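Written out below as structure tokens is the structure these notes cover.
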Amino acid sequence: MKTALIAGLTAILAVSQANANIIVNGGFEAPAIPNGSYAIGAIPGWTSTLGDGLEIQNNAAGTPFEGKQLMELDGNQNSNARQTVATALGQTYDLSFEFSPRPNISAASNPVEVYFGGNLLDTLTGVGAGNTVWALKQYSVIGSGSDILEFRAAGNSDSLGGYIDDVRLEASPVPEVSLPGVVFGAGFAAMALRRFKSRKITA
Ligand SMILES: [Ca+2]
Ligand SMILES: [Ca+2]
């Protein structure tokens, strides 16, 4: 009975520990730059192989989704942001982030392509409103051991492009496997208790 209960508790623990974000600087809060400013260059966690580097903004042209800063693709020209993540082979991950068109910019200038492991997951764009309009984007991806997450500007290369904030990559919980284990563990414990009680009565 004890073994079954421990197995059940271990399964619950495994589910709760699975949700850790493995993206570094996914909120683009580092380095901190002054309010109302932007910077183009290198930032922790991310690399850029197109254009002049990554652009981050602190409330320069729109409100970030979280914290004080966001990332804009298309700094001086169409650019990208890449992060290599250590993943478990065959493990399913939940990828999520917030996307907003840059305010007052056409859909032809705002496109952002999203790649994971070299595969194009999505192309996002929209017509910019008066301020940011954030939309949560979610994808299910499978780890290969080491994978590159990449955001890449597309469309008109004109120093104005789509915004990204709050990037997360978390191992998917596995309730399909763990929950029956918990139910089985609880059921087994209840059955053992009933047997114990009935023995006591008849003794
Ligand atoms: Ca942020
Ligand atoms: Ca653009």
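Residue numbers for the sequence shown, in the working numbering: 4 to 206.
Where a beta carbon is used, it is the ideal one built from N, C-alpha and C, also for glycine.
Everything numeric in this text was worked out from a predicted model, so none of it was measured.
Buried or exposed (CB count within 10 angstroms, at least 16 for buried), residue i
i: residue 102; result: buried
i: residue 150; result: buried
i: residue 121; result: exposed
i: residue 199; result: Legend: pLDDT at residue 199 = 48, less than 50; position of this residue unreliable, value from coordinates given subsequently. Classification for residue 199: exposed.
i: residue 37; result: exposed
i: residue 201; result: Caution is warranted here: a pLDDT of 48 is assigned to residue 201, below 50, making its placement in the model unreliable, and the coordinate value is therefore given only provisionally. That one is exposed.
i: residue 104; result: buried
i: residue 128; result: buried
i: residue 107; result: exposed
i: residue 143; result: exposed
i: residue 138; result: exposed
CB-CB length for residue i against residue j, believed under 8 Å
i: residue 77; j: residue 163; result: 6 Å
i: residue 147; j: residue 90; result: 7 Å
i: residue 69; j: residue 161; result: So it is not a contact: roughly 27 Å between Cβ atoms.
i: residue 33; j: residue 46; result: 6 Å
i: residue 81; j: residue 157; result: 7 Å
i: residue 75; j: residue 118; result: At roughly 18 Å, the Cβ-Cβ gap does not stay under 8 Å, so residue 75 and residue 118 are not in contact.
Sub-8 Å separation of residue i and residue j beta-carbons
i: residue 86; j: residue 167; result: no
i: residue 53; j: residue 155; result: yes
i: residue 171; j: residue 109; result: no
i: residue 30; j: residue 114; result: no
i: residue 123; j: residue 84; result: no
i: residue 39; j: residue 61; result: yes
i: residue 65; j: residue 159; result: no
i: residue 97; j: residue 173; result: yes
i: residue 28; j: residue 48; result: yes
is_contact[residue i, chain C] using C-beta, thresh 8 Å
i: residue 159; result: The question asks about chain C, but that chain is absent: this structure has only one protein chain.
Practice item. With a cut-off of 7 Å, give the chain-ordered residues whose Cβ is closer than this to any heavy atom of ligand 1. Key: 30, 31, 32, 67, 68, 69, 70, 71, 72, 73, 168 and 169
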